[in-house]
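First comes the structure, then the notes that go with it.
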Amino acid sequence: ESRALEALMEFIRNVSVHATQGKHREELRKSNLGVVVGKFVKQLCPAETERFPEHARRLLVEAISAVRNLSIGNEEMQNQLGSSGVIETLTGLVEKMLEAPWRSEVLLVETLHALANCMQN
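Position 82 of the sequence shown, counting from 1, maps to 97 under the working numbering, and the rest follow consecutively.
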């Protein structure tokens, strides 16, 4: 299980990095990968605010970072993220974090940055 989790985190981290730099930047930004990762974020968001494991929190930070990087200055991606409910999920996550005992400053900051990027246009 931990090997799969680490592989998934590495994949998402690579998507995030390559969305802002590298030779495949434009291909990634034109793909629907932001929506795919955004839907993953929706699945990963905790239903209960009392318990949220650290490994899930780290994975969520990586996934939100990827969504953020894929949406920077990308109006088409921002529209897709809005219509697929990802922006609503991120907003709900911020609300949960403001009242949750597992609140994470890193997660909150990354989520707010992603929301700002998604709502630029």
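Where is the CB? At the ideal position from N, CA and C, for every residue including glycine.
Relative to the Cα of L20, the nearest Cα in the group V32, L74, E103 belongs to L74. Nearest neighbour of V76 by Cα position, chosen from H39, E114, C60, turns out to be C60. Note on geometry: alpha-carbon atoms of Q95 and V30 lie some 17 Å from one another. L43 is positioned such that its CB atom lies closer than 7 Å to that of A34. Residue state for M134 is assigned as coil, using DSSP reduced to three classes.
Just so you know, the alpha carbons of A81 and E125 end up roughly 10 Å apart. With a threshold of 16 other beta carbon atoms within 10 Å, S86 meets it and is buried. Sixteen is the threshold: when 16 or more other Cβ atoms of the shown chains lie within 10 Å of the Cβ of A78, as they do, the residue is buried. The alpha-carbon of N47 is positioned some 18 Å away from that of E103. Counting along the chain, the unbroken alpha helix (DSSP H) around H70 starts and ends at 69-86. The Cβ atoms of L123 and L105 lie no closer than 7 Å to each other.
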